[in-house]
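Peer 1:
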Amino acid sequence: MTSSKTVFTMSGGRVDLERRPVLRGIDLSVEPGEAVAVLGANGSGKSTLIRALLGLIPLSGGETLLYGRPPARFREWWRIGYVPQRLSVGGGVPTTIREVVASGRIARQRRLRPTSAADREATGRALAAVGLAHRALDPVQALSGGQQQRVLIARALAGEPDTFVMDEPTAGVDSGSQKLLAETLSVLVEQGKTVLLVAHELGPLEPLITRAVVLRDGYVCHDGPPPHAVGTHALPGHDHVHPHAEEEPVSPLDWRPTS
Amino acid sequence: MIELLQFDFMRRALIAALLVGLVAPAIGTFMVQRRLALLGDGIGHVALTGVALGFLTGTAPVLTAVLVSVLGAVAIELVRARGRTSGDVALALLFYGGIAGGVLLISLAPGGSNATLTSYLFGSISSVPVEDVWVIGLLATAVLGVLVVFGRELYVLCQDEEVARASGLPVRFLSLLIAVTAALTVVIAMRVVGLLLVSALMVVPVATSQQLTRSFTSTMLLSMLFGMISTVGGLTSSFYVEVPPGAVIVIVALTGFVLALGLGRFIRRSRPQESIP
Numbered sequence: 440m441t442s443s444k445t446v447f448t449m450s451g452g453r454v455d456l457e458r459r460p461v462l463r464g465i466d467l468s469v470e471p472g473e474a475v476a477v478l479g480a481n482g483s484g485k486s487t488l489i490r491a492l493l494g495l496i497p498l499s500g501g502e503t504l505l506y507g508r509p510p511a512r513f514r515e516w517w518r519i520g521y522v523p524q525r526l527s528v529g530g531g532v533p534t535t536i537r538e539v540v541a542s543g544r545i546a547r548q549r550r551l552r553p554t555s556a557a558d559r560e561a562t563g564r565a566l567a568a569v570g571l572a573h574r575a576l577d578p579v580q581a582l583s584g585g586q587q588q589r590v591l592i593a594r595a596l597a598g599e600p601d602t603f604v605m606d607e608p609t610a611g612v613d614s615g616s617q618k619l620l621a622e623t624l625s626v627l628v629e630q631g632k633t634v635l636l637v638a639h640e641l642g643p644l645e646p647l648i649t650r651a652v653v654l655r656d657g658y659v660c661h662d663g664p665p666p667h668a669v670g671t672h673a674l675p676g677h678d679h680v681h682p683h684a685e686e687e688p689v690s691p692l693d694w695r696p697t698s
Numbered sequence: 012m013i014e015l016l017q018f019d020f021m022r023r024a025l026i027a028a029l030l031v032g033l034v035a036p037a038i039g040t041f042m043v044q045r046r047l048a049l050l051g052d053g054i055g056h057v058a059l060t061g062v063a064l065g066f067l068t069g070t071a072p073v074l075t076a077v078l079v080s081v082l083g084a085v086a087i088e089l090v091r092a093r094g095r096t097s098g099d100v101a102l103a104l105l106f107y108g109g110i111a112g113g114v115l116l117i118s119l120a121p122g123g124s125n126a127t128l129t130s131y132l133f134g135s136i137s138s139v140p141v142e143d144v145w146v147i148g149l150l151a152t153a154v155l156g157v158l159v160v161f162g163r164e165l166y167v168l169c170q171d172e173e174v175a176r177a178s179g180l181p182v183r184f185l186s187l188l189i190a191v192t193a194a195l196t197v198v199i200a201m202r203v204v205g206l207l208l209v210s211a212l213m214v215v216p217v218a219t220s221q222q223l224t225r226s227f228t229s230t231m232l233l234s235m236l237f238g239m240i241s242t243v244g245g246l247t248s249s250f251y252v253e254v255p256p257g258a259v260i261v262i263v264a265l266t267g268f269v270l271a272l273g274l275g276r277f278i279r280r281s282r283p284q285e286s287i288p
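Protein chains in written order, with this note's numbering: chain F, 440 to 698; chain U, 12 to 288.
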């Protein structure tokens, strides 16, 4: 671990899904403390990229490193908090919010050792952070999409990782939950945590993003400060079919990186 | 109930029934959440080949059934993990192979016929020998041990395989562990309800309790209770009325499910839905 503290390093990363090239040669590295948004149109390979960075999808070319190691040989998984796009329903066995959130501790737990006081405290803090402490014993199946998203974020928070990887945390989420997510994330960024998230539109997350990586057809077509009017509107090939009169222009100089 | 315990064969049968009722829904809860509800059926079919192999080679059928069904479960798991589109077809092929293999091998065994297999297909709990009770007890302990040691990890795996992978869990090992544990459970339950009905004990009590519960843990515990009520209740009634115990056990379990379905609807309706600010 001495060679590199860089969180993610992908060089020449290629991914084929069902023999169709999705990523065609990605060079990307993410340093600790960055808040990176991966943007792009549907089908541009955003989700594929973050899953490939975590080693969830094998590369067909190039290489990727997690804290300096290939994912297959990475051992410090407690440093990663992965937030999938949605809560998977599976076979529909009921499970409570607390059970799901507490399972976020798994990478820090030892087999045969019972749940510790530290585990319970971290779970409690995570539940409070997303405003679900009072419903901890409710089944997750009864929650709305935005509320389920909060549960998934709380699960990652419970693990107290260094790096959060989030797949479309704002997709299909009500504006209240989006604001809460933005608040939670800005606290994490202030604490020096690394955030890598995929988004279709940034919305309330825009102020805390320090860097945007825009994908197009499996290539990185922009890597730098979040472009003006971030989101699908800024993407190549986006059709403007509605007026933008109310949108306030935001200069890239208006934001300051949080240190 | 007391007069039941006067008979040796009935005492053995009750112990076997209790163990099976306890263990099958416990692993079943994980299988249902992982959408593997029919895995037990698949293994049950394959186990028939194992039973026939035992008769053919003069080995105890329970042992060969353990061997073949563990191999079958591993094969099913590999097919599931690899094939994405034709997975269920591949499983189906394995099911047919299991039954055909069983019928073929038993006909080659000296003095064997399809009738020999019937007691395994539909169960024969009242003729469980002492050694089998020991084997069942040992396997049941092994299954519960697996769940105690790996339960937390299996929960994460069954919720979301990608999250399990991104948490550094040994996903392939845990998937095989579920398959092998299911195979052991099938062999345990084989004598009680028969290979064709094994899966019912892994699935029906879980389906019953998930109508009534809110957490994964309580679903599992309640399903174990329902499992034991079904096996002991079914066995007891078959002692008084001349009917095959395996079938009665499954009917008792299904009756419980229908009752829970109605009760669950009533509970959910009377429970006020809160909203989050």
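For each residue, glycine too, the CB sits at the ideal point set by N, CA and C.
1) Taking the straight line between their C-alpha atoms, what separation do you get for Ala480/F and Pro523/F?
2) State the beta-bridge partners of Arg463/F as determined by DSSP.
3) Curious, which full-length alpha helix (DSSP H) runs of at least 4 residues does the segment 67 to 118 of chain U contain?
4) Are there 16 or more other CB atoms within 10 angstroms of the CB of Lys444/F, so buried, or fewer, so exposed?
5) Specify the secondary structure class of Thr554/F as computed by DSSP and reduced to three states.
6) Measuring straight from C-alpha to C-alpha, what distance separates Phe18/U and Ser137/U?
7) In angstroms, rounded to a whole number, what distance separates the CA positions of Gln587/F and Arg574/F?
8) Under the rule that 16 or more other beta-carbon atoms within 10 Å means buried, what is Ala271/U, buried or exposed?
9) Please list, in chain order, the chain F residues whose beta carbon lies closer than 7 Å to that of Ala48/U.
10) Since Gly205/U and Gly134/U should fall inside the 8 Å C-beta cutoff, what is the C-beta to C-beta distance between them, to a whole number of angstroms?
11) Measure the C-alpha to C-alpha separation of Gln222/U and Val43/U and round it to an integer number of angstroms.
12) CA-CA distance, Pro509/F and Val652/F?
13) Across which residues does DSSP place Phe447/F in a beta bridge pair?
14) Does chain F have any CB closer than 8 Å to the CB of Gly273/U?
15) Just to confirm, is the Cβ distance from Ile38/U to Thr192/U under 8 Å?
16) Does DSSP put Phe18/U in a helix, a strand or coil?
17) Which of the residues in the segment 170 to 186 of chain U, read from start to end, lie with their CB under 9 Å from any CB of chain F?
18) Within 8 Å, do at least three Cβ pairs link the segment 656 to 666 of chain F to the segment 501 to 516 of chain F?
19) Between the C-alpha atoms of Gly631/F and Phe184/U, what's the straight-line distance to the nearest angstrom?
20) Suppose only complete runs of 4+ residues qualify. What are the alpha helix (DSSP H) ranges in the segment 525 to 584 of chain F, listed by chain order?
21) Compile a chain-ordered list of the residues in the segment 588 to 609 of chain F whose CB is closer than 7 Å to at least one CB of chain U.
22) So, at 8 Å on beta carbons, what are the nonlocal neighbours of Val612/F in its own chain, with the 5 sequence-adjacent residues on each side left out?
23) Mind pulling the chain F residues with CB within less than 8 Å of Val348/U?
24) Decide if Tyr107/U is buried, meaning its Cβ has at least 16 other Cβ atoms within 10 Å, or exposed.
25) Between the Cα of Ser234/U and the Cα atoms of Val31/U, Leu15/U, Ala58/U, which residue gives the shortest distance?
26) Quick one: measure Cβ to Cβ for Thr609/F and Glu473/F, integer angstroms, because I've assumed they're closer than 8 Å.
27) In whole angstroms, what is the alpha-carbon distance linking Leu274/U and Ser210/U?
28) Could you give the C-beta distance for Leu707/F and Leu488/F, rounded to a whole number, given that I count them as a contact under 8 Å?
29) For Thr75/U, is the classification buried or exposed, using 16 other Cβ atoms within 10 angstroms of its Cβ as the cut-off for buried?
30) Locate the alpha helix (DSSP H) running through Arg183/U, then write down its first and last residues.
31) Can a CB atom of chain U be found closer than 8 Å to the CB of Val539/F?
32) Are the segment 172 to 180 of chain U and the segment 107 to 127 of chain U in contact at 8 Å, needing three or more beta carbon pairs?
Peer 2: Considering the structure as presented:
1) Using only the alpha carbons, I get a separation of about 18 Å.
2) When beta bridges are read from the DSSP output, Arg463/F appears opposite Arg453/F.
3) Qualifying alpha helix (DSSP H) stretches, in chain order: 72 to 93.
4) The residue in question, Lys444/F, is exposed, as its Cβ has fewer than 16 Cβ neighbours within 10 Å.
5) In the structure shown, Thr554/F sits in coil (DSSP, three-state: anything other than H, G, I, E or B).
6) When rounded, the distance between both Cα atoms is 10 Å.
7) The straight-line gap separating the alpha-carbon atoms of Gln587/F and Arg574/F is approximately 12 Å.
8) It is buried - the Cβ of Ala271/U has at least 16 other Cβ atoms within 10 Å.
9) By Cβ distance, chain F contributes Gly530.
10) Between Gly205/U and Gly134/U the beta-carbon gap is near 3 Å, inside 8 Å, which marks them as a contact.
11) Spanning the two alpha carbons is a distance of roughly 14 Å.
12) Taking C-alpha positions only, Pro509/F is separated from Val652/F by approximately 22 Å.
13) The beta-bridge partner set that DSSP reports for Phe447/F consists of Val469/F, Leu505/F.
14) Among the residues facing chain F, Gly273/U is not included, as its CB has no counterpart in that chain under 8 Å away.
15) Yes; because the gap between Cβ atoms is below 8 Å, this pair is in contact.
16) It is coil, neither helix nor strand.
17) Of all residues in the segment 170 to 186 of chain U, Gln170, Asp171, Glu172, Glu173, Val174, Ala175, Arg176, Ala177, Ser178, Gly179, Leu180 have a Cβ within less than 9 Å of some Cβ in chain F.
18) Output reads no: the segment 656 to 666 of chain F does not touch the segment 501 to 516 of chain F.
19) Straight-line Cα distance between these residues: approximately 35 Å.
20) Complete alpha helix (DSSP H) runs here, min 4: 536 to 541, 556 to 568.
21) Under the 7 Å Cβ criterion, the segment 588 to 609 of chain F contributes no residue.
22) Excluding positions up to five away in sequence, the list reads Gly584, Gly585, Gln588, Leu620.
23) For chain U, the structure presents residues 12 to 288; residue 348/U sits outside this window and is missing.
24) The residue in question, Tyr107/U, is exposed, as its Cβ has fewer than 16 Cβ neighbours within 10 Å.
25) Distances from the alpha-carbon of Ser234/U to those of Val31/U, Leu15/U, Ala58/U put Val31/U closest.
26) Rounded to the nearest angstrom, the Cβ distance from Thr609/F to Glu473/F is 19 Å, too far for a contact under 8 Å.
27) Rounded to the nearest angstrom, the gap between the Cα atoms of Leu274/U and Ser210/U is 24 Å.
28) Residue numbering for chain F in the displayed model covers 440 to 698; residue 707/F lies beyond these limits and cannot be assessed.
29) Around the beta carbon of Thr75/U, 16 or more other beta carbons sit within 10 angstroms, so the residue counts as buried.
30) That run of the alpha helix (DSSP H) goes 182 to 204.
31) Cβ-Cβ to chain U under 8 Å: yes for Val539/F.
32) Too few Cβ pairs lie closer than 8 Å, so no.
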